[in-house]
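**Q** Going down the list, the protein sequences come from chains X and L.
So the number in the numbering used here is just where the residue sits in the first sequence, counting from 1, plus 563.
So the number in the numbering used here is just where the residue sits in the second sequence, counting from 1, plus 563.
For glycine and all other residues, C-beta sits at the position ideal for the given N, C-alpha and C.
In this text, all values refer to a predicted model and were calculated from it rather than measured experimentally.
Number of protein chains: 2
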Amino acid sequence: MPTSNPRQVPPQTVHVPLAERSYDISIGTGNLAQVGKWITSLRSVTHAVLISDTNVAAHYEKPVHQALEAEGIRVTSLVVPAGEPSKSVATAQKLWEAALEDRVDRKSIVVALGGGVIGDLAGFIAATMTRGLDFFQIPTTLLAQVDSSVGGKVGINLPAAKNIVGCFWQPKGVLIDTAVLETLPRREYLSGLAEVVKYGVILDEPFFDYLEANVQPLLDREPAALQKIIARSCELKAQVVAEDERETTGLRAILNYGHTYCHALETVAGYGEFLHGEAVSVGMLCASRLGEKLGVFHAPSTQRQHALLSALSLPVDTPQLDEAAILAAMQRDKKVEHGKLRFIVPLKIGKVELMADIDSEVAMSAWREGHSA
Amino acid sequence: MPTSNPRQVPPQTVHVPLAERSYDISIGTGNLAQVGKWITSLRSVTHAVLISDTNVAAHYEKPVHQALEAEGIRVTSLVVPAGEPSKSVATAQKLWEAALEDRVDRKSIVVALGGGVIGDLAGFIAATMTRGLDFFQIPTTLLAQVDSSVGGKVGINLPAAKNIVGCFWQPKGVLIDTAVLETLPRREYLSGLAEVVKYGVILDEPFFDYLEANVQPLLDREPAALQKIIARSCELKAQVVAEDERETTGLRAILNYGHTYCHALETVAGYGEFLHGEAVSVGMLCASRLGEKLGVFHAPSTQRQHALLSALSLPVDTPQLDEAAILAAMQRDKKVEHGKLRFIVPLKIGKVELMADIDSEVAMSAWREGHSA
Ligand SMILES: NC(=O)c1ccc[n+]([C@@H]2O[C@H](COP(=O)([O-])OP(=O)(O)OC[C@H]3O[C@@H](n4cnc5c(N)ncnc54)[C@H](O)[C@@H]3O)[C@@H](O)[C@H]2O)c1
Ligand SMILES: NC(=O)c1ccc[n+]([C@@H]2O[C@H](COP(=O)([O-])OP(=O)(O)OC[C@H]3O[C@@H](n4cnc5c(N)ncnc54)[C@H](O)[C@@H]3O)[C@@H](O)[C@H]2O)c1
Ligand SMILES: [Zn+2]
Ligand SMILES: [Zn+2]
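1. By a C-beta neighbour count over all protein chains shown, 10 Å radius and 16 as the cutoff for buried, is Pro-565(L) buried or exposed?
2. Using a Cβ-Cβ cut-off of 6 Å (strictly less than) and excluding sequence neighbours within five positions of Ala-938(X), which residues of its own chain qualify?
3. Which stretch, first to last residue, makes up the beta strand (DSSP E) that contains Gln-575(X)?
4. Could you name the residues of chain X that Ile-793(L) contacts, counting a contact when the two beta carbons are closer than 9 Å?
5. Taking the beta strand (DSSP E) that His-610(X) falls in, what are its first and last residues?
6. Consider the Cβ of Gln-656(L): report whether some Cβ of chain X lies at a distance smaller than 7 Å.
7. Around the Cβ of Ser-615(X), are there at least 16 other Cβ atoms within 10 angstroms (buried) or fewer (exposed)?
8. What residues in the region 632-645 of chain L bring their beta carbon closer than 8 Å to a beta carbon of chain X?
9. Compare the beta carbon distance of Val-619(L) and Thr-592(L) with 7 Å and say whether it is the shorter of the two.
10. In whole angstroms, give me the CA-to-CA distance for Ala-936(X) and Leu-848(X).
11. Who pairs with Pro-909(L) in a beta bridge, going by DSSP?
12. Nearest to His-628(L) by CA position, among Leu-706(L), Ile-602(L) and Tyr-762(L), is which residue?
13. DSSP state of Pro-780(X), grouped into three classes?
14. Measuring only the C-alpha atoms, how far is Gln-868(L) from Lys-650(L)?
15. Check whether the Cβ atoms of Arg-666(L) and Thr-693(L) lie closer than 7 Å to each other.
16. Mind listing which residues of the region 719-731 of chain X have their C-beta closer than 7 Å to chain L's C-betas, in chain order?
17. Quick one: give me the first and last residue of the beta strand (DSSP E) that Val-638(X) is part of.
18. Note down, in chain order, all residues in the region 797-828 of chain X with a beta-carbon under 7 Å from any beta-carbon belonging to chain L.
19. Just the Cα atoms here: how many angstroms apart are Leu-721(L) and Ala-653(X)?
20. Enumerate in chain order the residues of its own chain whose CB-to-CB distance from Pro-702(L) is below 8 Å, with the five nearest sequence positions on each side excluded.
21. So the candidates are Met-927(L), Lys-914(L), Ala-757(L) and Leu-744(L); which of them puts its Cα closest to the Cα of Tyr-937(L)?
22. Could you tell me whether the Cβ of Trp-659(X) comes closer than 7 Å to any Cβ of chain L?
23. Can you find a CB in chain X that lies within less than 7 Å of the CB of Arg-533(L)?
24. Residues bridged to Tyr-762(L) by DSSP?
25. Suppose only complete runs of 4+ residues qualify. What are the alpha helix (DSSP H) ranges in the region 639-725 of chain L, listed by chain order?
26. Run the proximity test for Thr-704(X): is its beta-carbon closer than 6 Å to any non-hydrogen atom belonging to ligand 1?
27. Taking the alpha carbon of Ile-793(L) as the reference point, which residue from Ser-640(L), Gly-695(L), Leu-706(L) and Leu-747(L) has its own alpha carbon closest?
28. Would you say Val-652(X) lies against chain L (beta-carbon separation less than 7 Å)?
29. Output needed for Asp-697(X): all residues of its chain with C-beta closer than 6 Å, excluding positions within five of it in sequence on either side, in chain order.
30. Return the CA-CA distance between Pro-780(L) and Leu-875(L), expressed in angstroms with no decimal places.
31. Hey, could you find the ends of the beta strand (DSSP E) Ser-864(L) is sitting in?
32. Rounded to a whole number of angstroms, what is the C-alpha to C-alpha distance between Ala-685(X) and Leu-877(X)?
33. Under the DSSP definition of a beta bridge, which residues are partnered with Lys-625(L)?
34. Am I right that Leu-890(L) and Ser-923(L) are in contact with their C-beta atoms under 8 Å? What's the rounded C-beta distance?
35. Looking at the strands, I want to know which residues DSSP matches up with Leu-738(L).
36. Alpha carbon to alpha carbon, how far is Thr-881(X) from Ala-723(X)?
In structure tokens form, the structure reads like this:
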């Protein structure tokens, strides 16, 4: 990783336009230490419940805690075990009780410091503690910075289903410091890049071009490249979310490009086998081949995605898994209506469409043809 | 109780104006069996999660279940133990899991059939299951019909605090059948009347006059009198809530008339000693005496309340309890700011005001002077 001076890149702001729930995402490099001033510039605060996980806390709890205290904010710092199992009712209950024990009240705020797990969990605590506390997010994984910090979906898992309990609860502000990505494990980082590629395919060909032209800076996590891709991803997701805040019009479904295959893959391979972004990478290529089979997408565009994803060290080959199980998982997916499969299919790089009534044999051949030769 | 023909009283509708969250309360006598048609007149439904408690289910689960099925609605009926302890994280978790197990999805609805405990609990499930399901309420206690069915507060308790975890989640409709009050234990019924008296004192002198003139029909639970007081109470609460939906302007605080003393009394006597409305009755008289001491309220108006509440068989005397504990409990109440006591104080029957900076000795003498002579 190059040791470029992080202050060289000027900070940027992305506005998320949601009427009275609008907020800004402040993106910078080395801006974590400004978190106290940033929050108090948004509202007056006397008490914050700071929620993070063990991995993140080891690196970043102290500077954030201190920056808040420096603004006269009393901090209740709660650290949960790193990993998806913390998105549970049991952990939520511990957090509710600990916050109450430390005198949370309706003027307190919740600050999420961590990846998507912490964002979803802390956001759910914010949405429900005293019927709703102001919520601030400091996403620390690339996935959280480009995806979960926009859209207001918060929640926890039940043993039988992910993200099944939760709310829509928009943050009052999101602070992104690209420098925190330096400590993110490489596999986690690359996994986040898959969602970035997704935004290019679904909405923005010039952005896809930019990614193709900047593979090395991205692999090197160069601050300027990071800021560029994070800001653009947030803008694109914000556009979609603004048009369909509560997922009622169906518009937000385009964000699920590659995700029907991805979810089936995650389920059948067993959660944890593939990181989410890795499964998205494989899934996007399946959806692209499906587009070819349906006659709406061209092989060279599939090739471009394949080349970019593999340059970014993401998996591109469909793994050998039980096909019947994959099909069954896809049929249980939310995008199935009355037994018929529905997919987000690309028409060209930068444009996708929801296509219903897809024949399962066609869908499975797009899966199968992704096996490595 | 007279066996008047319940169909004699024409049904009424109260509109709760909350912009895009507006809804209607349908009040009638013997309209429970129409619940299926009523819900399907509001939206199309294929699956309902019906939540009730053991007491309520014994009387009313079957007719409601059947009325829903008669409209082609698949019903998942979940019954929790009657009583406040069901407003817990553990019960919420069981309900989330049971609903999921029976294939709840984003188009499902939640129907609360019961008192305030069920309304709050089921409403919390509705607010959080798949990030928000449409919610319909069938309140079956007088308290729930005149109070908790308006305002959108839903939630559960933690061991250390009541109603501390929850959301604002407005129902899509409320159906009130006054006939279900026939099976309500007398003490529960009378307890609900205290909140009805409260609306008269805080907002509506003619309504207070009506209550004074109709004590016997009210004690007899006559359908016409019930419909009148329920409709007017809902209207009055709806007005207040419409002006301060999320309890941010302070306006909604007038609903807490009598409640600072009431909460202290409930806490110090031990939850369950006094029913909530019984403690409200005692608390309103304390607040009235406080108004006298502050020179803003007249003794004859305190007397009118005293006479009405005792005619309704509600407790009027302050019980002998540790005064230091009462004061400490009031100081912990939400209406305290920076150690100074704040009370909703009556100015005349039909008008109250939030008064801050109240001396604790004055507050306690208003308490003390309520002991029976
Ligand atoms: N709300 C939404 O819209 C949305 C969108 C996408 C995903 N999600 C959710 O996000 C979760 C996945 O998020 P994730 O991939 O960020 O997982 P995560 O939060 O578990 O983070 C991944 C790992 O990286 C560690 N980590 C985080 N930041 C670090 C840093 N800066 N340095 C070192 N280690 C760090 C974490 O401790 C964890 O071990 C899932 O639960 C998913 O459901 C939510
Ligand atoms: N959300 C709000 O705005 C709001 C307002 C006031 C109170 N509350 C909450 O409401 C709860 C108290 O409500 P409640 O007094 O209705 O208590 P409840 O729901 O426990 O009902 C009281 C008792 O009556 C039984 N019951 C209910 N309907 C019956 C019927 N028709 N026939 C026979 N038995 C019946 C119940 O099983 C229970 O035993 C508290 O938890 C309080 O926090 C909420
Ligand atoms: Zn994804
Ligand atoms: Zn009350």
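**A** Reading off the structure:
1. Because Pro-565(L) sits at a pLDDT of 47, beneath the cut-off of 50, its placement in the model cannot be relied upon, and the following sentence gives the value as read from the coordinates. With fewer than 16 other Cβ atoms within 10 Å, it is exposed.
2. With chain X covering only 564 through 936, there is no way to say anything about residue 938(X).
3. 575-579
4. Simply none; closest approach about 25 Å.
5. 610-616
6. yes
7. buried
8. none
9. no
10. 15 Å
11. Val-915(L)
12. Ile-602(L)
13. helix
14. 32 Å
15. no
16. Leu-721, Ala-723, Ala-724, Ile-727, Val-728, Gly-729, Cys-730 and Phe-731
17. 637-643
18. none
19. 13 Å
20. Ala-675, Gly-677, Gly-678, Gly-679, Gly-682, Gln-708, Ser-711, Ser-712, Val-737 and Ile-739
21. This structure gives no information on residue 937(L), because the portion of chain L shown stretches from 564 to 936.
22. yes
23. In the structure as shown, chain L begins at 564 and stops at 936. Residue 533(L) is therefore absent and cannot be evaluated.
24. DSSP, once it has assigned bridges, lists no residue as partnering Tyr-762(L).
25. 652-664 and 679-691
26. yes
27. Leu-706(L)
28. yes
29. Ile-672 and Lys-735
30. 11 Å
31. Taken as a continuous stretch (DSSP letters only), Ser-864(L) belongs to no beta strand (DSSP E), being part of the alpha helix (DSSP H) at 862-874.
32. 29 Å
33. DSSP, once it has assigned bridges, lists no residue as partnering Lys-625(L).
34. 6 Å
35. Ser-589(L)
36. 26 Å
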